[in-house]
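As given, the protein sequences belong to chains A and V, one line each in that order. Going by the numbering used here, the letters in the first sequence line up with residues 10 to 123, in that order. Going by the numbering used here, the letters in the second sequence line up with residues 5 to 115, in that order. Glycine residues also receive a C-beta, built at the ideal position from the N, C-alpha and C atoms. Read through the structure below, which is laid out as structure tokens, and then see the notes.
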Amino acid sequence: GQQVMQIPQYQHVQEGEDFTTYCNSSTTLSNIQWYKQRPGGHPVFFLIQLVKSGEVKKQKRLTFQFGEAKKNSSLHITATQTTDVGTYFCAGPRSGGGADGLTFGKGTHLIIQP
Amino acid sequence: NAGVTQTPKFQVLKTGQSMTLQCAQDMNHEYMSWYRQDPGMGLRLIHYSVGAGITDQGEVPNGYNVSRSTTEDFPLRLLSAAPSQTSVYFCASSYSRGDYTFGSGTRLTVV
């Protein structure tokens with residue numbers, strides 16, 4: 010079945026450094042979505058869904074990219090802040106538009122040292 | 005709008021007991037799904053529903069049942085709890101675009 014791999018599993022950065030997490034799917038995706046989960050919380054959608062091959066979207070300090078083959082994606086955070094602490098997940102629809110749920114990567118835990 | 009509401013927030017069960025995790029959404033979303041989250045495993049899909057009266061299995065359905073009698077409600081039933089079902093359970097819903105709103109979760113411990 011479909012698998013979504015995500016690296017790294019953990020990332021320690023100093024506050025102010027940049028952060029990137031990478032996602033790779035075993036199958037071509039119709040779209041890819043990114044979620045953030047704060048410690049003890051629930052996943053929250055970033056309100057950005059990448060649909061087109063090579064698409065890049067920005068949200069303040071965050072940049073989301075979708076690969077040309079629509080199988081990989083990345084999330085880059087510029088100048089991390091303590092509020093960025095959490096686990097970042099990529100997710101792709103199991104099929105079509107996602108009516109039958111999402112396949113999630115295992116997440117990247119971002120730890121920020123002040 | 006309350007979004008996606010899950011109850012209870014915490015539960016301790018003994019092995020062999022049954023229980024129902026409740027999930028309700030007030031956004032008129034057609035798609036709903038249940039995930040479990042375990043350390044190092046990410047979120048794994050248990051069951052999903054594409055509309056009232058329609059449910060299907062996800063990646064890890066064994067030991068769980070669901071029903072969808074209304075658009076709003078999507079309860080998850082544990083038939084005979086086992087320690088391997090100790091996890092955090094999330095319910096999520098979506099409209100046609102396919103990005104999901106998650107509930108706050110139920111932390112379940114089976115002893």
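- Excluding the 5 residues flanking it on each side, Ser35/A has same chain C-beta neighbours closer than 7 angstroms at Gln11 and Gln12, in chain order.
- Secondary structure note for Val53/A: its beta strand (DSSP E) is the uninterrupted segment Val53 to Leu59.
- Spanning the alpha carbons of Tyr39/V and Thr19/V requires a straight line of approximately 21 angstroms.
- Interface annotation, Thr105/V: in contact with chain A, CB-CB separation under 9 angstroms.
- For the options Gln26/V, Val114/V, Pro43/V and Ala6/V, the alpha carbon positioned closest to that of Phe78/V is the one of Gln26/V.
- The way I'd put it, the stretch 85 to 99 of chain A doesn't touch the stretch 68 to 75 of chain V; fewer than three beta-carbon pairs between them come closer than 8 angstroms.
- For Gly46/V, the uninterrupted beta strand (DSSP E) segment begins and ends at Gly46 to Gly55.
- Between the alpha carbons of Phe14/V and Ser91/V lies a distance of about 11 angstroms.
- Using a Cβ-Cβ cut-off of 9 angstroms, Leu111/A counts as an interface residue toward chain V, since at least one Cβ of chain V sits closer than that to its own.
- Among the residues facing chain V, His51/A is included, as its CB has a counterpart in that chain under 9 angstroms away.
- Of the residues assessed, Val16/V falls on the exposed side of the cut-off, its CB having fewer than 16 other CB atoms within 10 angstroms.
- For Asp42/V, the enclosing beta strand (DSSP E) covers residues Tyr35 to Asp42.
- Lys67/A has Thr72/A as its beta-bridge partners, per DSSP.
- Here Gln68/A has Phe55 and Ile57 as same chain residues with Cβ atoms under 7 angstroms from its own Cβ, once five neighbours each way along the sequence are excluded.
- Residue contact with chain V for Gln68/A: absent (no Cβ-Cβ distance below 9 angstroms to any residue of chain V).
- With respect to the 9 angstroms criterion, Val8/V and Gln41/V are not classified as neighbours on the basis of their beta carbons.
- At a beta-carbon threshold of 9 angstroms, the residues of chain V lying near Phe98/A are Gly46 and Leu47, ordered along the chain.
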